[in-house]
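See structure below.
In the working numbering, the protein residues as written are 1 to 212.
Right under this line is the structure:
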(Lines of atoms letter the chains of each structure in order from A and count residues from 1; the text may use other names and numbers.)
(Lines give C-alpha, C1' and ligand atoms only; values in the text may rest on other atoms or scores of the structure.)
Protein backbone atom coordinates (compact mmCIF):
# COMPACT_ATOMS: atom_id res chain seq x y z
CA UNK A 1 0.00 0.00 0.00
CA UNK A 2 2.75 2.46 0.96
CA UNK A 3 4.58 1.69 -2.30
CA UNK A 4 1.40 2.30 -4.29
CA UNK A 5 0.89 5.66 -2.61
CA UNK A 6 4.50 6.82 -2.88
CA UNK A 7 4.70 5.80 -6.52
CA UNK A 8 1.46 7.50 -7.54
CA UNK A 9 2.60 11.10 -7.18
CA UNK A 10 -0.74 11.95 -5.55
CA UNK A 11 -1.38 15.45 -4.27
CA UNK A 12 -4.01 16.27 -1.62
CA UNK A 13 -6.04 18.15 -4.26
CA UNK A 14 -7.06 15.22 -6.44
CA UNK A 15 -7.94 11.56 -6.64
CA UNK A 16 -6.04 9.14 -8.83
CA UNK A 17 -7.90 6.30 -10.53
CA UNK A 18 -5.83 3.12 -10.46
CA UNK A 19 -6.08 -0.34 -12.03
CA UNK A 20 -4.55 -3.08 -9.92
CA UNK A 21 -3.07 -6.22 -11.39
CA UNK A 22 -1.19 -9.24 -10.13
CA UNK A 23 -0.61 -12.98 -10.28
CA UNK A 24 -0.95 -15.45 -7.40
CA UNK A 25 0.09 -13.66 -4.19
CA UNK A 26 0.15 -10.34 -6.03
CA UNK A 27 -3.41 -10.97 -7.20
CA UNK A 28 -4.51 -11.72 -3.64
CA UNK A 29 -3.06 -8.41 -2.49
CA UNK A 30 -4.92 -6.66 -5.32
CA UNK A 31 -8.13 -8.41 -4.25
CA UNK A 32 -7.70 -7.16 -0.67
CA UNK A 33 -6.92 -3.59 -1.76
CA UNK A 34 -9.92 -3.51 -4.10
CA UNK A 35 -12.34 -4.90 -1.52
CA UNK A 36 -11.03 -2.65 1.28
CA UNK A 37 -10.28 0.44 -0.76
CA UNK A 38 -12.60 2.63 1.33
CA UNK A 39 -10.31 2.17 4.33
CA UNK A 40 -6.96 1.41 2.69
CA UNK A 41 -6.87 3.57 -0.44
CA UNK A 42 -9.40 6.38 -0.35
CA UNK A 43 -7.69 8.20 2.54
CA UNK A 44 -4.69 8.42 0.20
CA UNK A 45 -6.90 9.70 -2.65
CA UNK A 46 -6.61 6.48 -4.65
CA UNK A 47 -9.68 4.96 -6.32
CA UNK A 48 -9.66 1.45 -7.80
CA UNK A 49 -11.53 1.38 -11.11
CA UNK A 50 -10.40 -2.07 -12.21
CA UNK A 51 -8.49 -5.16 -11.14
CA UNK A 52 -6.66 -7.88 -13.07
CA UNK A 53 -6.39 -11.04 -10.97
CA UNK A 54 -4.46 -13.89 -12.54
CA UNK A 55 -4.93 -17.55 -11.65
CA UNK A 56 -6.61 -17.21 -8.27
CA UNK A 57 -9.97 -17.70 -6.65
CA UNK A 58 -10.77 -15.98 -3.34
CA UNK A 59 -8.59 -17.37 -0.56
CA UNK A 60 -11.56 -18.67 1.43
CA UNK A 61 -12.91 -20.49 -1.63
CA UNK A 62 -9.52 -22.10 -2.16
CA UNK A 63 -9.45 -23.40 1.41
CA UNK A 64 -13.08 -24.55 1.29
CA UNK A 65 -12.30 -26.70 -1.74
CA UNK A 66 -9.41 -28.47 -0.02
CA UNK A 67 -12.13 -30.68 1.49
CA UNK A 68 -12.41 -32.21 -2.00
CA UNK A 69 -9.87 -35.07 -2.17
CA UNK A 70 -8.90 -34.32 -5.78
CA UNK A 71 -8.30 -30.65 -4.97
CA UNK A 72 -6.41 -31.57 -1.80
CA UNK A 73 -4.11 -33.78 -3.85
CA UNK A 74 -3.36 -31.03 -6.36
CA UNK A 75 -2.98 -28.27 -3.76
CA UNK A 76 -1.38 -30.33 -1.00
CA UNK A 77 1.20 -27.60 -0.44
CA UNK A 78 -1.41 -25.19 0.93
CA UNK A 79 -2.12 -27.05 4.20
CA UNK A 80 1.46 -28.34 4.32
CA UNK A 81 3.13 -24.92 4.17
CA UNK A 82 0.55 -23.35 6.48
CA UNK A 83 1.98 -25.47 9.32
CA UNK A 84 5.07 -23.29 9.48
CA UNK A 85 7.24 -24.92 12.14
CA UNK A 86 6.87 -28.42 10.74
CA UNK A 87 6.90 -27.36 7.09
CA UNK A 88 10.17 -25.45 7.33
CA UNK A 89 11.90 -28.46 8.88
CA UNK A 90 10.47 -30.76 6.22
CA UNK A 91 11.49 -28.47 3.37
CA UNK A 92 14.95 -28.08 4.83
CA UNK A 93 15.31 -31.86 5.00
CA UNK A 94 13.90 -32.31 1.49
CA UNK A 95 16.04 -29.50 0.15
CA UNK A 96 14.69 -26.04 -0.67
CA UNK A 97 16.15 -26.06 -4.18
CA UNK A 98 14.76 -29.52 -4.88
CA UNK A 99 11.34 -28.41 -3.59
CA UNK A 100 11.27 -25.42 -5.91
CA UNK A 101 12.30 -27.44 -8.94
CA UNK A 102 9.70 -30.12 -8.25
CA UNK A 103 6.90 -27.63 -7.62
CA UNK A 104 7.68 -25.60 -10.73
CA UNK A 105 7.18 -28.65 -12.90
CA UNK A 106 4.27 -29.97 -10.85
CA UNK A 107 2.04 -26.90 -11.10
CA UNK A 108 3.33 -25.56 -14.38
CA UNK A 109 1.55 -26.62 -17.55
CA UNK A 110 2.32 -29.37 -20.03
CA UNK A 111 2.91 -27.03 -22.96
CA UNK A 112 6.44 -27.48 -24.32
CA UNK A 113 6.56 -23.81 -25.29
CA UNK A 114 5.29 -22.76 -21.86
CA UNK A 115 7.89 -24.92 -20.15
CA UNK A 116 10.64 -23.47 -22.32
CA UNK A 117 9.62 -19.96 -21.33
CA UNK A 118 9.29 -20.89 -17.66
CA UNK A 119 12.84 -22.20 -17.53
CA UNK A 120 14.38 -19.57 -19.84
CA UNK A 121 17.50 -17.71 -18.73
CA UNK A 122 18.14 -20.31 -16.03
CA UNK A 123 15.21 -18.88 -14.03
CA UNK A 124 14.42 -22.03 -12.04
CA UNK A 125 17.88 -23.44 -11.34
CA UNK A 126 19.72 -20.13 -11.31
CA UNK A 127 17.26 -17.89 -9.44
CA UNK A 128 14.45 -19.63 -7.59
CA UNK A 129 16.27 -22.79 -6.50
CA UNK A 130 19.23 -21.04 -4.82
CA UNK A 131 16.84 -18.60 -3.16
CA UNK A 132 14.95 -21.42 -1.46
CA UNK A 133 18.14 -22.77 0.02
CA UNK A 134 17.96 -19.76 2.34
CA UNK A 135 16.22 -20.25 5.67
CA UNK A 136 14.40 -16.92 5.48
CA UNK A 137 12.89 -17.83 2.11
CA UNK A 138 11.47 -21.06 3.53
CA UNK A 139 10.02 -19.27 6.54
CA UNK A 140 8.54 -16.49 4.43
CA UNK A 141 6.89 -18.90 2.01
CA UNK A 142 5.37 -20.92 4.85
CA UNK A 143 4.25 -17.84 6.80
CA UNK A 144 2.57 -16.61 3.63
CA UNK A 145 0.43 -19.75 3.48
CA UNK A 146 -0.23 -19.60 7.22
CA UNK A 147 -1.60 -16.08 6.74
CA UNK A 148 -3.87 -17.44 4.01
CA UNK A 149 -5.16 -20.11 6.38
CA UNK A 150 -6.23 -17.90 9.27
CA UNK A 151 -6.28 -14.06 9.14
CA UNK A 152 -7.06 -13.78 5.44
CA UNK A 153 -9.84 -16.37 5.58
CA UNK A 154 -11.29 -14.56 8.60
CA UNK A 155 -11.18 -11.26 6.71
CA UNK A 156 -12.95 -12.75 3.71
CA UNK A 157 -15.67 -14.25 5.89
CA UNK A 158 -16.21 -10.74 7.26
CA UNK A 159 -16.23 -9.37 3.70
CA UNK A 160 -19.13 -11.66 2.85
CA UNK A 161 -21.07 -10.71 5.97
CA UNK A 162 -20.67 -6.98 5.30
CA UNK A 163 -21.14 -7.16 1.54
CA UNK A 164 -17.63 -5.95 0.73
CA UNK A 165 -17.30 -7.25 -2.80
CA UNK A 166 -15.71 -6.61 -6.16
CA UNK A 167 -16.98 -7.67 -9.58
CA UNK A 168 -15.19 -10.98 -9.83
CA UNK A 169 -16.16 -14.57 -9.19
CA UNK A 170 -19.96 -14.39 -8.95
CA UNK A 171 -20.61 -14.52 -5.16
CA UNK A 172 -17.74 -12.12 -4.54
CA UNK A 173 -18.86 -9.47 -7.01
CA UNK A 174 -20.84 -6.34 -6.31
CA UNK A 175 -23.91 -5.81 -8.52
CA UNK A 176 -23.44 -3.53 -11.51
CA UNK A 177 -19.70 -3.95 -11.94
CA UNK A 178 -18.41 -5.34 -15.25
CA UNK A 179 -16.58 -8.64 -15.04
CA UNK A 180 -14.77 -10.69 -17.65
CA UNK A 181 -13.35 -14.17 -17.12
CA UNK A 182 -10.53 -15.01 -19.53
CA UNK A 183 -9.59 -18.69 -19.86
CA UNK A 184 -6.10 -19.50 -21.10
CA UNK A 185 -5.78 -23.10 -22.22
CA UNK A 186 -3.32 -24.69 -24.66
CA UNK A 187 -1.64 -26.63 -21.88
CA UNK A 188 -0.38 -23.59 -19.98
CA UNK A 189 -0.25 -23.92 -16.20
CA UNK A 190 -0.13 -21.79 -13.08
CA UNK A 191 2.73 -19.52 -14.13
CA UNK A 192 0.70 -17.62 -16.70
CA UNK A 193 2.88 -14.50 -17.12
CA UNK A 194 5.95 -16.66 -17.74
CA UNK A 195 4.32 -19.49 -19.69
CA UNK A 196 1.89 -17.47 -21.81
CA UNK A 197 3.20 -13.88 -21.91
CA UNK A 198 1.61 -13.03 -25.26
CA UNK A 199 -1.84 -14.21 -24.17
CA UNK A 200 -1.53 -12.36 -20.87
CA UNK A 201 -0.28 -9.13 -22.45
CA UNK A 202 -2.99 -9.10 -25.11
CA UNK A 203 -5.76 -9.55 -22.56
CA UNK A 204 -4.32 -6.97 -20.17
CA UNK A 205 -4.03 -4.40 -22.97
CA UNK A 206 -7.59 -5.10 -24.09
CA UNK A 207 -8.78 -4.56 -20.51
CA UNK A 208 -6.79 -1.33 -20.09
CA UNK A 209 -8.15 0.10 -23.35
CA UNK A 210 -11.61 0.13 -21.80
CA UNK A 211 -10.37 2.85 -19.45
CA UNK A 212 -8.16 4.77 -21.88
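C-beta: ideal position from N, C-alpha, C; glycine also.
All figures in this text were calculated on a predicted structure; none of them were measured in a lab.
Check                                                                                                                                                                      : Outcome
Are there 16 or more other CB atoms within 10 angstroms of the CB of residue 194, so buried, or fewer, so exposed?                                                         : buried
Going by the beta-carbon positions, is the gap between residue 32 and residue 112 smaller than 9 Å?                                                                        : no
Quick check on DSSP: helix, strand or coil for residue 22?                                                                                                                 : strand
Once the 5 residues before and after residue 182 are set aside, which same chain residues still bring their CB inside 7 Å of it?                                           : 203
Which residue from 46, 6, 39 puts its Cα closest to that of residue 20?                                                                                                    : 46
Quick one: give me the first and last residue of the beta strand (DSSP E) that residue 47 is part of.                                                                      : 46-54
Are the CB atoms of residue 69 and residue 97 nearer to each other than 9 Å?                                                                                               : no
So which of 137, 121, 115, 116 has the shortest CA-CA distance to residue 99?                                                                                              : 137
For residue 80, collect the residues of the same chain with a Cβ closer than 7 Å to its Cβ; drop the 5 residues on either side in sequence, then sort them by chain order. : 87
Can you name, in chain order, every residue of its own chain whose Cβ lies under 7 Å from the Cβ of residue 141, other than the five neighbours on each side?              : 81
Using a Cβ-Cβ cutoff of less than 8 Å, which residues in the same chain neighbour residue 192 once the five nearest sequence positions on both sides are dropped?          : 23, 54, 55, 184, 199, 200
Would you tell me roughly how many angstroms separate the C-alpha atoms of residue 207 and residue 188, rounded to the nearest one?                                        : 21 Å
If residue 148 sits next to residue 59, beta carbons under 8 Å apart, how far is it from one beta carbon to the other, in whole angstroms?                                 : 5 Å
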